[in-house]
Every structure is written in structure tokens, then in C-alpha cells.
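Residue numbers (our numbering): 405 to 504. For each residue, glycine too, the CB sits at the ideal point set by N, CA and C. The model shown is predicted, which means the values in this text are computed figures rather than measured ones. Here's the structure, in C-alpha cells; my notes come after.
Printed below as a string of C-alpha cells:
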């Protein structure tokens, strides 16, 4: 807090002023990150399954099918990494306290 360890917040509806301590602010997980990672997961999985089905019908080697099937892991990895980094951001902010 630039002006001290407290912040005055005024309600727009009732014009009531509240004084909040700097340590009472908490971060929450971003809904935008959840939506983006979920849509990447769904779209990537559908596209990946399409290519896996095409490769299975064209390729007859086990190794080729295995390589294409591991491509399905990319949307899962992206989903996990985005959600994990967002959770790290929230945890880091919430662990930080202003000394009194």
C-alpha cells in the first residue's frame, strides 16, 4: 500500500467507508485462465483424437500409432501447467504479509 498499511474503500451503492488492513487482501484463481486452459484442453483433445483415428486407419505400425497417441498429451500438459502456474501466483500473493 502506497499510503500506509490501510486502505479506505468506499461502497458505490451505500457510500459507506471501510478501512481495510493490507493483510486482509487475498488473491483468487483467475477464471480467465481456467476458461482458456479448459478450452485448449477440449479443442486440443478433439483435434488430437481426429488425427489419431486418421493415423490408425492409415498407419499399421505400432510405433507410428504410439507416437501419434502421445501427441494427445500436449493439451493435458498445457492444461496442467496453466492451472499450476495460476495456483502458484495465488499462493505467492496470499503468503506475503505487510509488516506491522
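query = Would residue 441 be called buried (16 or more neighbouring beta carbons within 10 Å of its own) or exposed?
reply = Per the 10 Å Cβ criterion, buried.
query = Roughly how many whole angstroms lie between the Cα atoms of residue 435 and residue 481?
reply = When rounded, the distance between both Cα atoms is 19 Å.
message = Here's the rule I'm using: 16 or more other beta-carbon atoms within 10 Å means buried, otherwise exposed. How should residue 501 be labelled?
response = Burial call: exposed.
query = What is the DSSP secondary structure of residue 436, reduced to helix, strand or coil?
reply = DSSP places residue 436 in helix when its eight states are reduced to three.
request  = Grab me the residues of residue 448's own chain with a C-beta within less than 6 Å of its C-beta, minus the 5 sequence neighbours each way, in chain order.
outcome  = Taken in chain order, the residues that qualify are 479.
query = So what's residue 412 in DSSP terms, helix, strand or just coil?
reply = In this structure, residue 412 counts as strand in the three-state DSSP scheme.
task = In angstroms with no decimal places, state the Cα-to-Cα distance between residue 457 and residue 471.
result = Those two C-alpha atoms are separated by around 13 Å.
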